[in-house]
Amino acid sequence: MTVGTSGSTDSEGRGADGDPAASPGGGGRQSLRDRLNRWDVRYSPYLYIAPFFVIFAIVGLFPLLYTSYVSLFDWSLVADDPVFIGLDNYVALMGDARFWQAMVNTISIFILSTAPQLAMALLFAVLLDAHLRARTLFRVGLLLPYVASLVALGIIFGNLFNSEYGLINGLLGLVGIDPINWHSDRFASHVAIASMVNWRWAGYNALIILAAMQAIPRDLYEAATVDGAGRWRRFVSVTLPMLRPTMIFVVITATVGGLQIFTEPKLFAVVPGSNNGGSTGQFQTVTLFMYQQGFENFDLGYASATAWVLFLVIVIFALINFWLTRRISSTEGPR
Amino acid sequence: MSVLSAPKPARRRRGQDPGSIIGKPGFLTYGLLIAFILGSAFPLYWSFLVASRDSSFTAEQLPPMWPGGNFFANAARVFDTAPFWLALGNSFLVGAIVTVSVVFFGTLAGYAFAKLQFRGNNALFAFVIATLLVPTQLGVIPMFMAMAELEMAGELVAVILPNLVTALGVFWMRQYLIAAVPTELLEAARVDGCSMIRTFWHVVLPAARPAAAILALFTFMTSWNDFLWPLVVLDPSNPTIQLALEQLQSGYSVDYSLVLAGTTLATLPILFIFIVLGKQIVSGIMQGAVKG
């Protein structure tokens, strides 16, 4: 606040001194200029941030609220008149075995992807923090998976995990493991889909964590070493607490993204274009279920109810993870 | 460092570098990293491998790991099977408009939050951060209804409109501009009678260039790779590149040489940008990422 006001008075005062051409004669013009200048300083910032808020209101807030409105209707994409049915969509959803299966699938894939992804990201950030040769090459390499498109990845991993002639089963065969049915076995399909997520995001997160790690003052490590702390001790007592804000950021974004997973399970289906998530829905996620209800069955009300329930689940998970991350990387943690 | 601290290095164990956790990197460090890089590159290489051979390739479980000579033939088939040129053009157009807009408005808002003082600055910025938590994918149904109402469904403008400015862009530019633009410089411009927007144009925008370049690349990549929303709102006859890829694998038996030739073609432009600018991208992340 103070900088702004002092800045504006400064510019008014010195503006008059420094610009003599404007001062003679036009006292009225001068004050108009002053006033314009003051308005400029006071209101321009709002103008600059306005585009974000306007667009967010249209494409973020409105959909969120309108989704809750639509969810109270029997609202078909093909029929004309939506019928108000109150909470019936939610009641039906709670009794929909297919929805619950999708929810369990989503959480299962989410856990299988987030935990290894963050563990790997931390490990590689630590490795890259050392004084490496060719470290730019390593850092650039980490970002390579992020470049590939999700659709391409879905297709490529679908091919690699093909149960009959996929490379993964071929390699497993070399070490004497029987072929795994990656598409039809429920847990195996979750592992396969999670591997796509892990593959894509571990390196990206490693770079984000590494950036924060390099901002840690080096004498903290020196002091810890002098005090006789080993690697593990330095990591737990120095690095993790210093990384806390970044870890919270990474965990929360991974949570919000991971629970909305859509492209990977959709492209993983053996039958192209299917929204079923496998023959018995064994890897259908909630977002895929929502898409199917909305744009395959044209039941917009039901799909909107699904969206809202998923939104609540995401908020709950984000809060749990926020709390966990704070606890785990806190210096005051339980010993 | 004063004389007093001079004996300190002698107390270090040999070969230990206390400047990091693991100290001096050994074979294990390099081995793990190299394995990871190879793993990162492999699926992309694999897709080129399949794309460069004929369809019989997919019947072998452990095929040879070197490329064949059919890539151009398969690529030509891609352009025959799906409207790939149209899709490439659409994706470039959408990506270009979205990128310019996100960078411009992101820098504008980021500058306001970083350097300008106004009532509600902190609260509004906290709100911007909070919007990162709103799952945009869940809004596709009302968004689709709105676009249909506005008769924009099927048009590229429906893909462009929702992405014109992002919270991440605002956040990113703010983090960078806090340190990159000296407040004295802004005050000097104001003393010289520069209006706010001229100050932005002539002082802030040039200073923002390095971070803006990174943001531009990431925005373009995200736009290029977007799938769900174009899938919902666009028509199969007027696809983006990702929709065209999905079209390639329709039909009962998937022709992997064809499909993976398509994925390779769709990845090449981004891969090219990345190889040319990878070093800058990474150093940009290292500078701008969330540091606290």
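Residue numbers (my numbering), protein chains in the order written: chain A, 1 to 335; chain R, 1001 to 1292. A virtual CB, placed ideally from N, CA and C, is assigned to each residue, including glycine.
Check, Outcome
"Whole alpha helix (DSSP H) elements within the stretch 1081-1147 of chain R, 4-residue minimum", "1084-1115, 1121-1131"
"Chain-ordered chain A contacts of alanine 1112(R) [CB-CB under 7 Å]", "Pro45, Tyr48, Ile49"
"Reduced DSSP category for serine 76(A) - H, G, I as helix; E, B as strand; rest coil", "strand"
"Chain D residues whose Cβ lies nearer than 8 Å to that of arginine 234(A)", "In the displayed structure, chain D is absent; the protein chains listed are A and R."
"Phenylalanine 1048(R) and proline 1067(R) closer than 8 Å at C-beta", "yes"
"Proximal residues, the stretch 272-298 of chain A versus chain R, C-beta separation under 8 Å", "Pro272, Gly273, Thr287, Met290, Tyr291, Gly294, Phe295"
"Of the residues Pro1162(R), Gly1106(R), Phe1118(R), Leu1086(R), the one placed nearest glutamine 1175(R), counting alpha carbons only", "Gly1106(R)"
"Where the alpha helix (DSSP H) through aspartate 219(A) begins and ends", "218-226"
"Cut-off 8 Å between Cβ atoms - residues of its own chain near alanine 188(A), not counting five sequence neighbours on either side", "Ile180, Asn181, Trp182"
"Rounded C-alpha distance that separates serine 23(A) from threonine 1199(R)", "Model confidence at serine 23(A) stands at a pLDDT of 43, short of 50, so the residue's coordinates are unreliable; what they give is reported in the following sentence. For serine 23(A) and threonine 1199(R), the distance between alpha carbons rounds to 23 Å."
"Runs of alpha helix (DSSP H) lying entirely within the stretch 1160-1222 of chain R, each at least 4 residues, in chain order", "1167-1180, 1183-1191, 1196-1199"
"Within-8 Å CB hit, serine 1047(R) to chain A", "yes"
"Cβ neighbour criterion (16 or more within 10 Å) applied to serine 71(A)", "buried"
"Run of the alpha helix (DSSP H) containing methionine 196(A), from where it starts to where it stops", "186-214"
"Closer than 8 Å to chain A by CB, methionine 1221(R)", "yes"
"Contact between the stretch 1131-1142 of chain R and the stretch 294-304 of chain A (3+ Cβ pairs under 8 Å)", "yes"
"Own chain, CB closer than 7 Å to tyrosine 146(A), minus 5 neighbours either side, in chain order", "Arg200, Gly203, Tyr204"
"Pairwise C-alpha distance: threonine 253(A) and valine 236(A)", "23 Å"
"Proximal chain A residues relative to threonine 1263(R), where beta-carbon distance stays under 7 Å", "Ala152, Ile155, Ile156"
"Backbone CA spacing between glutamine 214(A) and tryptophan 1172(R) [nearest angstrom]", "18 Å"
"Candidates Leu1108(R), Gly1089(R), Ser1237(R), of which the one nearest valine 1165(R) by Cα", "Leu1108(R)"
"Same chain only: Cβ atoms within 7 Å of isoleucine 1270(R), ignoring 5 sequence neighbours per side", "Met1221, Trp1224"
"Distance, valine 91(A) Cα to glycine 1284(R) Cα", "49 Å"
"Positions along the stretch 1123-1143 of chain R whose CB lies within less than 9 Å of some CB in chain A", "Leu1124, Phe1125, Phe1127, Val1128, Thr1131, Leu1132, Leu1133, Val1134, Pro1135, Thr1136, Gln1137, Leu1138, Gly1139, Val1140, Ile1141, Pro1142, Met1143"
"At least three beta-carbon pairs within less than 8 Å, the stretch 1235-1244 of chain R to the stretch 1078-1087 of chain R", "yes"
"Chain A contacts made by the stretch 1067-1100 of chain R, where a contact means CB separation under 9 Å", "none"
"Chain A within 8 Å of tyrosine 1176(R), Cβ atoms only", "no"
"Within 8 Å, strictly: CB atoms of leucine 142(A) and phenylalanine 124(A)", "yes"
"Chain R within 8 Å of serine 163(A), Cβ atoms only", "no"
"N-terminal and C-terminal residue of the alpha helix (DSSP H) that serine 163(A) is part of", "Counting along the chain, serine 163(A) falls outside any alpha helix (DSSP H), and DSSP gives it neither H nor E."
"Residue-chain proximity (leucine 1205(R), chain A), Cβ-Cβ < 8 Å", "no"
"Host alpha helix (DSSP H) of glycine 264(A) (start-end)", "In the sequence as displayed, the identity of residue 264(A) is glutamate instead of glycine. Run containing glutamate 264(A): 263-268, per the alpha helix (DSSP H) assignment."
"Near-chain A residues of the stretch 1271-1286 of chain R (beta-carbon distance less than 9 Å), N- to C-terminal order", "Leu1271, Ile1273, Phe1274, Ile1275, Gly1278, Lys1279, Ile1281, Val1282, Ser1283, Ile1285, Met1286"
"Pairwise C-alpha distance: serine 1101(R) and serine 1237(R)", "27 Å"
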